[in-house]
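In the numbering used here, the protein residues as written are 1 to 696.
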């Protein structure tokens with residue numbers, strides 16, 4: 001019996017595909033890349049048309065022997081690596097090592113791991129696309145030239161182990177530029193005026209919008225009080241009332257960047273975590289009654305396109321479960337971005353009938369939440385619009401115009417399963433039946449002081465959105481770029497914000513002064529476009545690399561002669577070393593910040609940094625409660641007398657006791673309630689709301 005060999009990237013994918021292909025197939029995993037440029041040297045011959053030197057990745061020898069043996073036994077070999085540039089490159093190198101002809105029909109790919117998709121891919125096997133490989137090779141070579149030529153300058157003049165990168169460095173500059181904007185921002189005072197107007201028992205909150213039909217700006221309390229005095233003397237009269245309807249349309253199905261943003265906003269998942277969970281859902285999970293199933297389509301995509309089959313399946317599901325009224329008259333098609341590669345479909349469930357409820361018991365909590373988000377977003381994207389009845393109100397008091405708006409849902413459409421609030425949507429106000437020229441009673445006029453705010457620091461979600469809008473990197477690079485900035489200690493997280501460190505600012509300053517093109521947004525976005533042209537066959541990869549390297553080489557020569565040594569002083573702690581009496585200094589290690597004796601190397605004393613709360617241990621009443629971190633980085637609280645006292649809690653205890661029973665209170669957070677205090681006494685469970693905002 002003939003035996004066919006299929007090589008994929010991961011064991012999880014191998015397990016899923018093996019189930020669909022049956023006994024005539026052997027499925028093995030390459031465990032990602034098997035060849036790469038050497039770590040110990042540049043690995044690119046800049047004098048010989050940028051010829052790369054590829055070597056077998058250390059530790060992959062045994063795996064390659066296994067693949068060679070499997071290949072010898074096979075009558076036919078298929079390379080089923082991921083359907084992107086990286087996957088094409090892995091297939092190219094596998095073909096080279098296994099002595100396969102890349103022009104033979106050995107390359108298969110599928111956007112979703114389902115039985116039909118996998119079997120159809122075998123029927124539609126194709127040659128390896130060397131243009132796609134060349135685009136990836138150009139990216140790899142350019143990134144190697146930037147990293148290995150510039151990084152040594154940073155090692156010699158700043159600190160050993162630092163790195164520069166084509167995408168990484170421009171990303172760092174964006175974060176540093178935002179921090180500079182914030183530091184230079186000058187806040188200005190302004191005031192708002194609102195009026196609570198009453199009809200019968202209904203109170204309508206209106207906002208002052210215009211004075212003499214022009215936008216009004218109130219810069220001081222004195223000005224606000226003067227306006228209030230005029231309003232107190234006048235009457236509030238309805239001047240305009242408009243009723244209408246509007247359609248609220250669903251959002252497109254997810255692409256990589258929007259999935260990362262929405263998972264951050266709704267689930268508080270970091271980009272790296274989102275992509276890791278999505279990878280598992282794509283490669284396959286064991287679902288009760290179905291075996292191993294790939295639940296979603298490929299998760300690295302910039303296209304909102306979906307297949308005709310997926311659209312038909314969505315139509316059948318929506319009309320069958322919700323009724324014909326919930327499906328639009330014509331199927332929805334979403335327009336993609338200008339620079340989208342459009343190589344794959346949007347991220348969607350592979351089988352819409354596998355609803356979140358059906359697979360919930362088979363998934364981990366985080367997998368279920370992300371799958372539910374993807375499933376609901378896709379189904380909603382194919383549903384009818386939400387129809388809303390709107391009403392807008394204008395009220396005059398002399399020359400001052402107040403406004404309010406409200407809406408009610410007439411037909412929920414897609415919002416039956418996926419609600420969202422658009423950025424331009426105003427706060428909804430309940431407005432009763434009114435008539436033009438009707439007088440309203442002023443229950444209260446509210447004056448409130450405000451100050452203009454600086455631009456917000458980037459969160460991971462907003463940073464991904466910015467990278468996408470500027471054309472920096474591609475879907476596969478967003479999460480690794482952020483991880484690199486954090487791992488290099490160029491950036492740190494403060495709650496959900498990305499903040500440049502002193503080290504990050506120093507490295508950015510050097511890059512901005514000596515390598516302007518590398519950190520130029522338009523230049524970096526232009527390089528991405530040229531990589532796309534290589535894939536299309538419009539440019540040669542060596543020409544693109546050559547045009548990039550010539551100016552880089554000149555910049556490197558200047559930087560090597562002019563960059564001066566930078567000394568980074570350690571932050572001195574107030575804490576004294578108990579062994580030698582010197583001050584501790586704060587240092588960064590692979591597990592975060594820690595205290596090290598400033599007397600090093602004579603004294604090598606170190607200790608972790610712990611935050612002490614102003615709370616005595618509720619168990620022993622002697623030790624202090626300390627904030628610590630678990631091995632996985634999760635915050636928890638424990639007694640300073642550990643191991644004598646074993647008090648530990650995932651929740652933060654607070655100093656003030658419960659106002660009802662005087663027991664210990666814990667600070668907690670939920671999406672529904674925000675941040676609140678809850679009594680530890682099971683019989684009491686008193687709650688005190690602190691804030692509606694997350695304190696992550």
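Ideal placement from N, C-alpha and C gives every residue a C-beta, glycine not left out.
Check                                                                                                                                                                           : Outcome
Within the continuous alpha helix (DSSP H) that includes residue 518, where are the two ends?                                                                                   : Neither: residue 518 is in no alpha helix (DSSP H) and is coded neither H nor E.
For a test of the three-state rule: what should DSSP assign to residue 552, helix, strand or coil?                                                                              : helix
Pick helix, strand or coil for residue 93, following the three-state DSSP scheme.                                                                                               : helix
Could you check what DSSP says for residue 392 in three-state terms: helix, strand or coil?                                                                                     : strand
If contacts are defined as beta-carbon pairs under 8 Å, then residue 442 and residue 263 qualify, I think. What distance do you get, rounded to the angstrom?                   : At roughly 46 Å, the Cβ-Cβ gap does not stay under 8 Å, so residue 442 and residue 263 are not in contact.
When you compare each of 640, 363, 474 to residue 615 by their alpha carbons, which one comes out closest?                                                                      : 640
For residue 135, which of helix, strand or coil comes out of DSSP?                                                                                                              : helix
Ends of the beta strand (DSSP E) at residue 198?                                                                                                                                : 189 to 199
Going by the beta-carbon positions, is the gap between residue 166 and residue 146 smaller than 8 Å?                                                                            : yes
Considering only residues of the same chain and omitting the five flanking positions on each side of residue 420, which have a CB-CB separation below 7 Å?                      : 251
Let me confirm a value: residue 133 is counted as buried when at least 16 other C-beta atoms fall within 10 Å, else exposed. Which label applies?                               : buried
With burial defined as no fewer than 16 other Cβ atoms inside 10 Å of the residue's Cβ, what is the status of residue 648: buried or exposed?                                   : exposed
Just the Cα atoms here: how many angstroms apart are residue 695 and residue 429?                                                                                               : Low confidence applies to residue 695: its pLDDT is 39, below 50, so where it sits in the model is not reliable, and the reading given next is rough at best. Distance between the alpha carbons of residue 695 and residue 429: 28 Å.
For residue 387, which residues from the same chain have a beta carbon less than 7 Å from its beta carbon, with the 5 sequence-adjacent residues on both sides left out?        : 245, 247, 410, 411, 413
Are the C-beta atoms of residue 524 and some chain C residue less than 8 Å apart?                                                                                               : The structure shown contains no chain C; it holds only a single protein chain.
Return the chain-ordered ranges of every alpha helix (DSSP H) run that is complete within the stretch 470 to 550 and spans a minimum of 4 residues.                             : 478 to 487, 502 to 514, 521 to 536
Taking all protein chains shown into account, decide if residue 693 is buried (16 or more other Cβ within 10 angstroms of its Cβ) or exposed.                                   : Unreliable placement is indicated for residue 693, whose pLDDT of 44 sits below 50; the coordinate value is still reported in the next sentence. When all chains shown are included, residue 693 counts as exposed.
Buried or exposed: which applies to residue 55, given that a residue is buried once 16 or more other Cβ atoms fall within 10 Å of its Cβ?                                       : exposed
Can the beta-carbon of residue 682 be found less than 8 Å from the beta-carbon of residue 666?                                                                                  : no
For the stretch 309 to 391, list the beta strand (DSSP E) runs that are entirely contained and at least 3 residues long, ordered along the chain.                               : none
Quick check on DSSP: helix, strand or coil for residue 159?                                                                                                                     : coil
For residue 137 and residue 74, which I take to be in contact (beta-carbon distance under 8 Å), what is that distance rounded to the nearest angstrom?                          : Going by Cβ atoms, the distance from residue 137 to residue 74 rounds to 27 Å, so no, they are not a contact pair.
According to DSSP, is residue 639 part of a helix, a strand, or is it coil?                                                                                                     : strand
Could you give the residue range of the beta strand (DSSP E) that holds residue 221?                                                                                            : Element bounds for residue 221: not the beta strand (DSSP E) but the alpha helix (DSSP H), 221 to 233.
Taking contact to mean at least 3 C-beta pairs separated by less than 8 Å, is the stretch 541 to 553 in contact with the stretch 492 to 499?                                    : no
Within the same chain, show all residues whose beta-carbon is closer than 6 Å to that of residue 389, passing over the 5 residues directly before and after it, in chain order. : 245, 408, 410
Compute the Euclidean distance between the alpha carbons of residue 512 and residue 519, then round it to the nearest angstrom.                                                 : 7 Å
In the DSSP assignment, the alpha helix (DSSP H) including residue 269 goes from what residue to what residue?                                                                  : Looking at the DSSP string, residue 269 is not in any alpha helix (DSSP H), and its letter there is neither H nor E.
Does the Cβ-Cβ distance between residue 149 and residue 556 come in under 8 Å?                                                                                                  : yes
On a CA-only basis, which of 39, 626, 40, 9 is nearest residue 93? Give me that one, please.                                                                                    : 9
Residues in the same chain with beta-carbon distance under 8 Å from residue 327, minus the five sequence neighbours each way, listed in chain order, please.                    : 315, 318, 319, 382, 383, 384
Going by C-alpha distance, which of 418, 622, 30 is nearest residue 65?                                                                                                         : 30
Out of curiosity, what's the CA-to-CA distance linking residue 439 and residue 207?                                                                                             : 17 Å
Can you have a look at residue 456 and say buried or exposed, based on whether 16 or more other CB atoms are within 10 angstroms of its CB?                                     : exposed
Can the beta-carbon of residue 224 be found less than 8 Å from the beta-carbon of residue 447?                                                                                  : yes
How big is the Cα-Cα spacing for residue 281 and residue 296?                                                                                                                   : 6 Å
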